[in-house]
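Structure first, commentary second.
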Amino acid sequence: MVYQNIFGAVIASLLGFAFLYRLRGKKKARALVKTDQNGNSLKSSENGICEAKISASTDIIIVGAGVVGSALAYTLGKEGRRVHVIERDLAEPDRIVGELLQPGGYLKLIELGLEDCVSEIDAQRVLGYALYKDGKSTKLPYPLENFHPDVAGRSFHHGRFIQRMRQKASSLPNVRLEQGTVTSLLEEKGTIKGVQYKSKGGDLELTAHAPLTIVCDGCCSNLRRSLCDPKVDIPSCFVGLVLENCQLPYANHGHVILADPSPILFYPISSTEIRCLVDVPGQKVPSISGGEMAHYLKTKVAPQVPPEMYAAFMVATDKGNIKSMPNRSMPAAPHPTPGALLMGDAVNMRHPLTGGGMTVALSDIVVLRNLLRPLHNLNDAPALCKYLESFYTLRKPVASTINTLAGALYKVFCASPDPARKEMRQACFDYLSLGGVFSNGPLAILSGLNPHPLSLVLHFFAVAVYAVGRLLIPFPSPKRMWVGARLILGASGIIFPIINSEGVRQMFFPVTVVSYYRAPPVN
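Under our numbering, residues 7 to 529 are what the sequence shown spells out, in order.
As structure tokens, this is what we get:
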């Protein structure tokens, strides 16, 4: 009996130990299986990284939900793609640029089915520009005669526009927006397989996989270095204020003041607010918190502001809600990478003086949509990468024209002690003031309605020749001839380096580039 009791105790102990061990294993398994904020199960690997198990597989991951990311998500979602968008912050952004959409960009917005995103945000119609120099002004309307009456530029609060597009994208059942910070791209044997990221409020590293990852995380992209050769230039900074209870001298027009040392912009962003952007050359601006910026605005900038806006400008300066941001430019120099594509400001930037950034972005989305449309399977990464090389070629004529105009116009509009540069600046103002073809041509390029590179070069040198002609008539003195020669050389020195950085062949002769003729891969 004693041996039976001992034997029973041993058996019970073994069973109890087995039960406790199994219970501990279940607890450990439960600890390793978590869910993210969207309810998807997460499986932890040995290195502490969790892999998201999404109910339906993803076709495309989009990093960033700004103008490009949100518009692209809606466009590809509407095409039937399963899209996973990861955005660092889904709260309404507060920026001082990305507030003016040119008419050409609005046409692309219509083409993408996103025109209602400028509704219900108090967006203002923009019909052209007013240009000011030395107390004189000229009105430069967009050449919109051959378009529907609804076609015009739009200006708005940037954040409101972004939120509308995010709402539009997330309304599609096959588009998933998630707030998280992408920390790196997942690479396997030279192919990008997805991303590694942290979701909001979580410490675990998550992974998401897709055949194609599109990186469009903006001007401060932390992922671009592995996908392109970034050569970022910062020629100046914008200082932004909001003027209230003020009317622009030319209603529904952007206003450009050719000030000293560089331009000042005014345009409406709502029915009661006007955005003022003061360009400050260089990478450093006077301290805002220390009061140096307010002093600079009052003493240097305010005397050059048109009288109709002077009082509101001073009130806005005293109010103190002053913001600044660097103006970046960067030519596109992508590295073809299987499984990944770089878009938006992450791959290409231009000076925001002409407000062409969103037009380029939306035009790029149309190009990519058309390229992806015939593809049913994106899993052959090398073939897809070779095919999508054509994207960077097909986008070049439009993007490079707008980029070149922005860079060249900024240099012409800045004040300079050089007599040749002074003459070029004055000639540009007078040339545009002539009206007719002399203003319609440049405005058609600036507005994105006719972004042809050859037209840009012709008009740019037409201004230079016009300037030289004024110097030589009626008496072509040696001094004037010398200034005229330097003016032509200066104009060449402005535009040709920009064109060279954009790529002469891709910009003017894209049909000579092999990737222009890439055919869709056979699935």
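All C-beta atoms, glycine included, are put in the ideal place defined by N, C-alpha and C.
- The beta carbon of serine 293 lies closer than 8 Å to those of Met299 in the same chain, with the five residues before and after it left out.
- The way I'd put it, the segment 216-226 does touch the segment 65-72; three or more beta-carbon pairs between them come closer than 8 Å.
- Taking C-beta separations shorter than 8 Å and ignoring five residues to either side along the sequence, the partners of serine 190 in its chain run Val201, Gln202 and Leu229, following chain order.
- Shown here, phenylalanine 162 sits in coil according to DSSP, grouped into three states, outside any helix or strand.
- The Cβ atoms of isoleucine 500 and alanine 414 lie closer than 9 Å to each other.
- Annotation for glutamine 512: the continuous alpha helix (DSSP H) segment containing it runs 510-514.
- With respect to the 9 Å criterion, alanine 214 and threonine 343 are not classified as neighbours on the basis of their beta carbons.
- Of the residues assessed, isoleucine 479 falls on the exposed side of the cut-off, its CB having fewer than 16 other CB atoms within 10 angstroms.
- For the beta strand (DSSP E) assignment, the uninterrupted runs of no fewer than 3 residues enclosed by the segment 95-172 are, from N- to C-terminal side, 130-132, 134-139, 142-147 and 159-161.
- Across the structure, serine 227 and asparagine 385 are spaced so that their CA atoms are roughly 26 Å apart.
- Within the same chain, Lys139 and Phe419 come within 6 Å of leucine 264 by CB-CB distance, once the 5 residues on both sides are set aside.
- Distance from the CA of glycine 196 to the CA of glycine 496, rounded to the nearest whole angstrom, comes to 45 Å.
- For the set Asp128, Met315 and Glu98, the Cα lying nearest the Cα of isoleucine 270 is the one of Met315.
- A straight line joining the alpha-carbon of leucine 254 with that of proline 516 spans about 42 Å.
- Non-local beta-carbon contacts of histidine 357 in its own chain, meaning distances under 7 Å to residues more than five positions away in sequence, involve Pro241, Asn333, Ser335, Ala412, Gly413 and Tyr416 in chain order.
- At a Cβ-Cβ threshold of 9 Å, cysteine 123 and phenylalanine 153 do not count as neighbours.
- Our two residues, tyrosine 148 and aspartate 223, have alpha carbons roughly 32 Å apart in a direct line.
- Counted as a single uninterrupted DSSP element, the alpha helix (DSSP H) harbouring cysteine 391 occupies residues 387-400.
- In the three-state scheme derived from DSSP, where H, G and I count as helix and E and B as strand, histidine 259 is classed as coil.
- In this structure the segment 205-213 does not lie against the segment 78-88, because fewer than three pairs of beta carbons, one per stretch, are closer than 8 Å.
- For lysine 306, there is no enclosing beta strand (DSSP E), as DSSP marks it with neither H nor E.
- The alpha-carbon of asparagine 409 is positioned some 35 Å away from that of lysine 204.
- In the structure shown, the three-state DSSP call for cysteine 434 is helix.
- Close CB contacts of alanine 473 within its chain, under the 6 Å cut and outside five residues either way in sequence, are with Glu429, Met430, Ala433 and Leu493 (chain order).
- Here histidine 301 carries a helix assignment [DSSP, helix/strand/coil].
- The residue from Leu462, Cys225, Pro482 and Lys304 with its alpha-carbon nearest to that of proline 337 is Cys225.
- Serine 295 counts as exposed, since fewer than 16 other C-beta atoms from the protein chains shown sit within 10 angstroms of its C-beta.
- As the crow flies, the alpha-carbon of leucine 452 is around 8 Å from that of glutamine 108.
- Here asparagine 354 is buried: its Cβ has 16 or more other Cβ atoms, across all protein chains shown, within 10 Å.
- Taking all protein chains in view, the Cβ of phenylalanine 481 is surrounded by fewer than 16 other Cβ atoms within 10 Å, so the residue is classified as exposed.
- Within the segment 306-394, the runs of alpha helix (DSSP H) at least 4 residues long that lie entirely inside it are, in chain order, 313-325 and 363-378.
- Per DSSP, glycine 447 lies in no beta strand (DSSP E) segment; the continuous alpha helix (DSSP H) that holds it begins and ends at 443-452.
- Rounded to whole angstroms, the separation of the alpha carbons of leucine 377 and valine 262 is 38 Å.
- Residue burial is scored here from C-beta neighbours: lysine 290 has fewer than 16 other C-beta atoms within 10 angstroms and is therefore classed as exposed.
- Taken through DSSP and simplified to helix, strand or coil, glutamate 85 comes out as coil.
- In the DSSP assignment, the residues bridged to cysteine 234 are Pro340.
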